[in-house]
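Heads up: the sequence shown at position 338 corresponds to 337 in numbering that gives the first Met the number 0, and the numbers run straight through without jumps.
The C-beta atom is built at its ideal place from N, Cα and C for all residues, glycine as well.
Keep in mind that this is a model prediction, so the values were computed, not measured.
Since the structure comes first, as structure tokens, the remarks are kept for the end.
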Amino acid sequence: MTLPLIALENITARLRDRWYLNDTSWEIGKGEQWAILGPNGSGKTTLARTIAGRVPVVKGRVRRNLTGPIFYVSSEERGEIFRRERALDEARDFSGRKHETTAVKDILCPCIDKWGGEAEAEDLLKELCADLDLAFLLDRSVNSLSTGEMSKVLIARALLRRPALLILDEPFDGLDKPSRNSLEKTLSNLMTKGLHCVLITHRTEEIFPGLTHVLVLNEGSLFAGGKREEILVNGKVREIYRQLFPEKERPSYPGLKRAPFKAPSSSVMIEMEKVTVRHGDTVALGDVSWKMSEGENWAVTGPNGSGKSTLLSLITGDELQAYANRITLFGKKRGTGESVWEIKKKIGTISHALSTRYQQNLSVFDVVCSGFFDSIGLYRMCTREQEQTALKWIRLLGIKALSGHCFSNLSYGQRQLVLITRAIVKTPLILILDEPCAGLDPVNREKVLGMVEFIGSATSTNLIYVTHHREEILPCITHQLTLDKGKLVE
0 MTLPLIALEN
10 ITARLRDRWY
20 LNDTSWEIGK
30 GEQWAILGPN
40 GSGKTTLART
50 IAGRVPVVKG
60 RVRRNLTGPI
70 FYVSSEERGE
80 IFRRERALDE
90 ARDFSGRKHE
100 TTAVKDILCP
110 CIDKWGGEAE
120 AEDLLKELCA
130 DLDLAFLLDR
140 SVNSLSTGEM
150 SKVLIARALL
160 RRPALLILDE
170 PFDGLDKPSR
180 NSLEKTLSNL
190 MTKGLHCVLI
200 THRTEEIFPG
210 LTHVLVLNEG
220 SLFAGGKREE
230 ILVNGKVREI
240 YRQLFPEKER
250 PSYPGLKRAP
260 FKAPSSSVMI
270 EMEKVTVRHG
280 DTVALGDVSW
290 KMSEGENWAV
300 TGPNGSGKST
310 LLSLITGDEL
320 QAYANRITLF
330 GKKRGTGESV
340 WEIKKKIGTI
350 SHALSTRYQQ
360 NLSVFDVVCS
370 GFFDSIGLYR
380 MCTREQEQTA
390 LKWIRLLGIK
400 ALSGHCFSNL
410 SYGQRQLVLI
420 TRAIVKTPLI
430 LILDEPCAGL
440 DPVNREKVLG
450 MVEFIGSATS
460 TNLIYVTHHR
470 EEILPCITHQ
480 LTLDKGKLVE
């Protein structure tokens, strides 16, 4: 009898001080390709990390009958690389080596060296560069990559290491549609050549045809599982979703409307005139002019690497070249004496970069309260009014049950909900939402989109909303800005 590739035998896993997957048994057979579904906090990532040997098993055992390594690729890995690069940049600046950077090829080429320089590895790199559109990125600095570009680089790095099992945790988040299609095609092709894959996702449409089985988790336990055609038939998947996500009354949003904002001397909130941003030889934005006025809500769209994140960082002041360009915010020209903190008081932000930076062992309530002060961590006492406002938003977004939990112990999707609440708690004049639904299950996605629609249509907060999913462009959006290769698309 053929042994399963992975066998979980009545396991219980420990993550920090909590127990997960109590008495769980599950197998991955030879030739099986699995997708894993489930609500935020259901244990999907913990299961994946347990298979990869990254979470200790305190009961039962995990049998691995593989001829090669297991590699796990997730948003946390992207964040770790960005954090490491920021630390290296500080060291380079201190030592006078500011011109040095880590290029994409510095991440990918060591994987080839481990093969002993075999031509087969070189051929695979060329194939991946062609399939995933990575060739033009090889000489680029890691710090200049968009979230989607970094995702593709890390998946390519894992594939170059010749895994027997590749676990991908929400790999399509942050990818434009062509990139999602090319990644699906690449994985399907490699699976026909012997690669085994486990895909974690919240979107059933991302379960591409090459995946043969579906596992559904709920509250840290196996809820349903079987062959793809048995689980994803319309009646069965609808019944599973009804049980996982029981219909609840939609939340209402009383008492949140504010008096309209009046700009100091005009109704223009943001104005950029022929803005250009360069990173080395790469032009992130080239000669971009754009104006946003009071009462407008903008969707910002474009393929991976088109300059969307750079545009946002010019607004927040995180991109230092903002001060070398003609940019006006709230009636004041950037660089005429205002501090970054004065600007940030008027702007709320949710982005992958924030998720990466916010690594704090604070309670969820304290993380939300830190939004009043735009701080990573909470270093000031909130007033009673601020605490009551924070509690109101926590209830509205349905995360009251998490308010006493440690932020770092939450799943990625749960942390995303908390950071969205942190961004809107001060009712900012402009709310920047960069892929806010990444990592969210269907119910939480609908909850967030409903909240964003309310903010954009019933309050004086103006929205800048970045997404790769056209179905998430809400009715309150009044204008659209599209970028491609750092240029405005007319």
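Distance check between C475 and each of T458, H467 and E84 places T458 closest, using alpha-carbon atoms only. Remark: C-beta atoms of I166 and V213 do not approach each other more closely than 9 Å. Taking the C-beta atoms as reference points, K29 is found no nearer than 9 Å to I35. Within a 10 Å sphere around the beta-carbon of S73 sit 16 or more other beta-carbons, which makes this residue buried. Membership of G78 in the alpha helix (DSSP H) is indicated by the continuous run S74 to F93.
Separation of the CB atoms of V442 and F244 is rounded to 4 Å, and the pair is thereby assigned contact status at 8 Å. Counting C-beta atoms within 10 angstroms of its own C-beta, A86 has fewer than 16 neighbours from the protein chains shown and is therefore classed as exposed. Counting along the chain, M380 sits inside no alpha helix (DSSP H), nor does DSSP assign it H or E at all. In this structure, the alpha-carbon of G67 lies about 52 Å from that of M271.
Annotation note: the segment 291-376 contains the following uninterrupted alpha helix (DSSP H) runs of length 4 or greater, listed N- to C-terminal: 307-315, 339-343, 351-356 and 363-368.
Under the DSSP definition of a beta bridge, L284 partners with V276. For R156, the enclosing alpha helix (DSSP H) has its first and last residue at T146 to L159. Apart from sequence neighbours up to five positions away, the residues of its chain that approach D172 with a beta-carbon distance below 6 Å are A437, ordered along the chain. Straight across, the Cα-Cα distance linking T11 with V56 is about 6 Å.
Within its own chain, the residues whose Cβ lies closer than 6 Å to the Cβ of T300, once the five positions on either side in sequence are excluded, are T481, listed in chain order. Cα atoms of K184 and C368: separation of roughly 44 Å, rounded to the nearest angstrom. Collapsing the DSSP output to three states places G173 in coil. Remark: C-beta atoms of E238 and N461 do not approach each other more closely than 9 Å. Judged by DSSP secondary structure, G224 falls within the beta strand (DSSP E) whose first and last residues are S220 to K226.
In the DSSP secondary-structure assignment, K58 is bridged to T11. Distances from the CA of I5 to each of L396, A321 and R62 were compared; the closest alpha carbon is that of R62.
In terms of Cα proximity to G397, the closest of A352, K446, S292 and C405 is K446.
In this structure, R379 and F372 form a Cβ contact; the two beta carbons are roughly 6 Å apart against a cut-off of 8 Å. In the three-state DSSP reduction, F244 falls in the coil class, being neither helix nor strand. The DSSP-derived three-state label of T1 is coil. The Cβ atoms of G59 and D22 lie closer than 9 Å to each other.
From the listed residues R13, V236 and R277, the smallest Cα separation to L313 is found for R277. Beta-bridge analysis with DSSP links S140 to A102.
Beta-bridge analysis with DSSP links I463 to W297 and I431. Here the segment 279-286 makes no contact with the segment 326-344; the two share fewer than three CB pairs at distances below 8 Å. For a cut-off of 8 Å, the C-beta gap from I206 to L182 is around 13 Å, too long to register as a contact. Within the same chain, and ignoring the five residues on either side of G376 in sequence, the residues whose Cβ sits closer than 7 Å to its Cβ are Q359, L361 and S369. Using a 10 angstroms sphere on the CB of P162, the tally of other CB atoms reaches 16 or more, which defines it as buried.
Inclusion of F222 and S41 in the CB contact set at 9 Å is warranted, their separation being smaller than that value.
Taking the CA atoms as reference points, D16 sits about 16 Å from T49.
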